[in-house]
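In the working numbering, the protein residues as written are 21 to 153. Glycine included, C-beta positions come from ideal geometry on N, C-alpha and C. Okay, structure first, notes after.
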């Protein structure tokens, strides 16, 4: 009887530790995901292809940025007030298909692009959708 309890307790402890390690690893991956990888780009392009007939604000043709605005939208840039006004939340159904952004970051639609920005409007990553990039 004591052996059975000891085995059960040991097994429970191993499962608990394994689960904690996996959760910690997942949190670490979420915190470090500040770049779009090939999978993220493909998921985004597939979503855009499926929704191109009725794209949301920020991804419509009339939302395109001027050449000057395009030049200011790149990784590492901090969006100025003019570009900040053109930022819209990324479509929820697209955001759900992507890894959760790190804390203090969000996915946004801006001028035909999907971007990952932080709370200071610094651009971490950009996927160009409805232009010739």
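query	result
Residue 148 - containing beta strand (DSSP E), residue span	143-148
Buried or exposed (CB count within 10 angstroms, at least 16 for buried), residue 59	exposed
Test item: CB-CB of residue 11 and residue 105 under 7 Å	For the chain, the structure presents residues 21 to 153; residue 11 sits outside this window and is missing.
Rounded Cβ spacing between residue 98 and residue 110 (contact assumed at less than 8 Å)	So it is not a contact: roughly 19 Å between Cβ atoms.
Residues bridged to residue 126 (per DSSP)	137
Residue(s) in a DSSP beta bridge with residue 108	129
Euclidean distance between Cα positions of residue 83 and residue 147	15 Å
First through last residue of the alpha helix (DSSP H) which encompasses residue 71	58-71
Supposed contact pair residue 93 and residue 85 - C-beta distance, whole angstroms, cut 8 Å	7 Å
Buried versus exposed call for residue 145 [16 or more other C-beta atoms within 10 Å across all chains shown]	buried
Own chain, CB closer than 6 Å to residue 68, minus 5 neighbours either side, in chain order	149
Close beta carbons around residue 102, own chain, < 8 Å, minus the five adjacent residues each side	89
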